[in-house]
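Protein chains: 2
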Amino acid sequence: MRLVIARCSVDYVGRLKAHLPLAIRLLLIKADGSVLVHSDGGSYKPLNWMSPPATVRRTTPAETDLEEGVQEQWIVQSAKADDRLIINIYEQLHDSSHDLGVDPGLIKDGVEADLQRLLAEQIHTLGDGFTLIRREYFTAIGPVDILARDATGGTVAVELKRRGDIDGVEQLTRYLELLNRDPLLAPVRGVFAAQQIKPQARVLAVDRGIECLTLDYDAMRGVDDTSTRLF
Amino acid sequence: MRLVIARCSVDYVGRLKAHLPLAIRLLLIKADGSVLVHSDGGSYKPLNWMSPPATVRRTTPAETDLEEGVQEQWIVQSAKADDRLIINIYEQLHDSSHDLGVDPGLIKDGVEADLQRLLAEQIHTLGDGFTLIRREYFTAIGPVDILARDATGGTVAVELKRRGDIDGVEQLTRYLELLNRDPLLAPVRGVFAAQQIKPQARVLAVDRGIECLTLDYDAMRGVDDTSTRLF
DNA sequence: ACCTACATATCGAAT
DNA sequence: ATTCGATGTGTAGGT
Chain A
1 MRLVIARCSV
11 DYVGRLKAHL
21 PLAIRLLLIK
31 ADGSVLVHSD
41 GGSYKPLNWM
51 SPPATVRRTT
61 PAETDLEEGV
71 QEQWIVQSAK
81 ADDRLIINIY
91 EQLHDSSHDL
101 GVDPGLIKDG
111 VEADLQRLLA
121 EQIHTLGDGF
131 TLIRREYFTA
141 IGPVDILARD
151 ATGGTVAVEL
161 KRRGDIDGVE
171 QLTRYLELLN
181 RDPLLAPVRG
191 VFAAQQIKPQ
201 ARVLAVDRGI
211 ECLTLDYDAM
221 RGVDDTSTRL
231 F
Chain B
1 MRLVIARCSV
11 DYVGRLKAHL
21 PLAIRLLLIK
31 ADGSVLVHSD
41 GGSYKPLNWM
51 SPPATVRRTT
61 PAETDLEEGV
71 QEQWIVQSAK
81 ADDRLIINIY
91 EQLHDSSHDL
101 GVDPGLIKDG
111 VEADLQRLLA
121 EQIHTLGDGF
131 TLIRREYFTA
141 IGPVDILARD
151 ATGGTVAVEL
161 KRRGDIDGVE
171 QLTRYLELLN
181 RDPLLAPVRG
191 VFAAQQIKPQ
201 ARVLAVDRGI
211 ECLTLDYDAM
221 RGVDDTSTRL
231 F
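Protein chains in written order, with UniProt numbering: chain A, 1 to 231; chain B, 1 to 231.
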């Protein structure tokens, strides 16, 4: 990994065009040829970048660029696509290289799978008398997150999201259409469950006769004591 | 901006939990307190991070951590949420600070807004005799990208995407359903326009009587001479 | 401040 | 290889 602090301008040409005027930035060149251009603010997304695999080629700037004060020009070319990053370096303020080795990678916990496990264990959250048929109930168009039976014996399909968006309602609608063609299951009603449900999604769900359920992950996790001693 | 190369382990606790085992990584601390943890591979997304605004607090490691070889411990606390990043530093291999100043920001060209402007200006791309009713035609469920009138006086709703996916067809379908309830507009037919249309999306669109149109952005920009002198 | 839609999204699993 | 779904999505633009 090479770290360069430089006064530079950057142009990206590929799926779109993007231009960064002259300013001081961090240029991060990774071992796989990928390049990140970061400013001293914003979030983790670089101002400009090139995804790996890529190659960095150092060229002599054109006459007009030299006159303007460009010391070096880097051309970062994607190996896969016709995407290119052109970095004009006016002044290098720092330059260091470091050997990092291979990273063992990230271990995660608390994603949708955990939410699903918790809801399956606490199926009464859906309503009194509910019983679990199964998680990841497989259909031709994909797995239904949770299939359950309500107090009256009716089948309920649950689509589970962290963020309840309109896409999730569409997904559940497709499942319900399919499940309701099965005479052994029909009629199947739908429950759209999420930590947060967007107003638009709620409107669409209600319009289609789908019940909305907002989940409190922290409360559900509080009930399940195994999750408190993960690391 | 501070750049540190260190042998470290990292734990994130917040919306989820994530753990990075001991390895050499880049720690990038920005002026707004945000921190990025990068390895020498992957794309622009850090292995772990803290979004701004945040504060970095250096603490003395606990007894057990000291025995294990932890020299320093950084606690990065989000100012907004109860999100925390804990970085255990076993060895610092590099440490430098740099003053970058404020970045002038990125200038983009070729995003959906540009496509929409060009298609509105060159509405004949849809067919001979087409006239523009308006861009961003507002409805209760969101804005229709372009509403036009064809040679026979019929109304046409255009959904525009850079990449034509199945979601875009669903979106247009919802708009068409709504628009066709309006007797002043009905019947409204749909056109799904994108630089690239996925085969699945095309099949679904055709199945629903929606016309597909592949756009050549470069050609459309070529017609519009103002766009040739953007940079 | 909240909500909505777009993104050079990235990333991983399943097909 | 490609598609699909999740993301600690981020980001910009509107109301």
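Glycine is no exception: its CB is placed at the ideal position from the N, C-alpha and C atoms. In this text the structure is predicted, and so the values were computed from the model without any measurement.
Quick one: what does DSSP say residue i is sitting in, helix, strand or coil?
i	result
G42 (chain B)	coil
L230 (chain A)	For L230 (chain A), the pLDDT reaches just 41, beneath the cut-off of 50, and the residue's location in the model is therefore unreliable, although a value from the coordinates is still provided. Residue state, collapsed to three classes: coil.
D167 (chain A)	helix
Q92 (chain B)	strand
V13 (chain B)	strand
L126 (chain B)	helix
L85 (chain B)	strand
V102 (chain B)	coil
T152 (chain A)	coil
L36 (chain A)	strand
L132 (chain A)	strand
L47 (chain A)	coil
Rounding to the nearest angstrom, what Cα-Cα distance links residue i and residue j in this structure?
i	j	result
V156 (chain A)	V191 (chain A)	7 Å
T214 (chain A)	R163 (chain A)	10 Å
Q171 (chain A)	C212 (chain B)	23 Å
S39 (chain A)	A54 (chain A)	22 Å
D218 (chain A)	D114 (chain A)	12 Å
I210 (chain A)	R149 (chain A)	16 Å
H94 (chain B)	K17 (chain B)	28 Å
A23 (chain B)	Q196 (chain B)	42 Å
T189 (chain B)	T173 (chain A)	Here residue 189 (chain B) turns out to be Arg, not Thr, going by the sequence shown. Their backbone Cα atoms lie some 23 Å apart in a straight line.
V158 (chain A)	V203 (chain A)	17 Å
A81 (chain B)	V56 (chain B)	15 Å
P61 (chain B)	Y12 (chain A)	44 Å
Q116 (chain B)	M220 (chain B)	11 Å
E91 (chain B)	P143 (chain A)	46 Å
T228 (chain A)	D109 (chain A)	With a pLDDT of 47 at T228 (chain A), under the threshold of 50, the modelled position of this residue cannot be trusted; read the value that follows with caution. T228 (chain A) and D109 (chain A): Cα-Cα distance of roughly 11 Å.
K161 (chain A)	I146 (chain B)	31 Å
R25 (chain B)	R25 (chain A)	20 Å
D207 (chain B)	R208 (chain A)	22 Å
I5 (chain B)	D167 (chain B)	43 Å
T125 (chain B)	L85 (chain A)	32 Å
V10 (chain B)	T131 (chain A)	40 Å
I29 (chain B)	M1 (chain B)	6 Å
S96 (chain A)	V70 (chain B)	25 Å
R7 (chain B)	I87 (chain B)	10 Å
G101 (chain B)	A194 (chain B)	39 Å
Along chain B, in chain order, which residues have C-beta atoms closer than 7 Å to that of residue i?
i	result
D95 (chain A)	Result: empty, since nearest Cβ-Cβ is about 11 Å, beyond 7 Å.
M1 (chain A)	L26 and D40
L36 (chain A)	Y44
L147 (chain A)	Chain B residues near L147 (chain A): none, gap ~24 Å exceeds 7 Å.
I5 (chain A)	H98
Considering residue i, what are the terminal residues of the beta strand (DSSP E) in which it resides?
i	result
G164 (chain A)	T155 to G164
V76 (chain B)	E72 to S78
T55 (chain A)	A54 to T59
I107 (chain B)	I107 to D109
Could you list which residues in chain A have their beta carbon closer than 8 Å to that of residue i, in chain order?
i	result
G101 (chain B)	A23, I24 and D40
P61 (chain B)	Residues of chain A passing the Cβ test: none, with the nearest at roughly 16 Å.
Taking the alpha helix (DSSP H) that residue i falls in, what are its first and last residues?
i	result
Q116 (chain B)	E112 to E121
residue 233 (chain B)	Outside the shown range of chain B, which is 1 to 231, sits residue 233 (chain B), and nothing can be said about it.
A201 (chain B)	P199 to D207
L28 (chain A)	It is not in any alpha helix (DSSP H) - L28 (chain A) instead sits in the beta strand (DSSP E) that spans K17 to I29.
G142 (chain B)	First-last for G142 (chain B): G142 to R149, but that is the beta strand (DSSP E), not the alpha helix (DSSP H).
T64 (chain A)	E63 to E68
M1 (chain B)	Element bounds for M1 (chain B): n/a, residue is neither H nor E.
D218 (chain A)	Y217 to V223
Tell me whether residue i, by its Cβ, gets closer than 6 Å to a heavy atom of the ligand PLP.
i	result
G222 (chain B)	Among the components of this structure there are no ligands whatsoever, and the ligand PLP is therefore not found.
Could you list which residues in chain B have their beta carbon closer than 9 Å to that of residue i, in chain order?
i	result
W49 (chain A)	S43 and Y44
P52 (chain A)	G41, G42 and S43
D167 (chain A)	D167 and E170
Residues of chain A with CB under 9 Å from residue i, in chain order?
i	result
A31 (chain B)	D40 and G41
P143 (chain B)	Neighbours of P143 (chain B) on chain A: none; closest Cβ ~13 Å, over 9 Å.
List the residues of chain A whose Cβ lies closer than 7 Å to the Cβ of residue i, in chain order.
i	result
L20 (chain B)	L106
For this session: Answer yes if the segment 129-145 of chain B comes into contact with the segment 174-187 of chain B, meaning at least three C-beta pairs across the two stretches below 8 Å, and no otherwise.
Result: yes
For this session: Mind the definition here: the segment 72-87 of chain B touches the segment 35-51 of chain B only if three or more C-beta pairs lie below 8 Å; say whether that holds.
Result: yes
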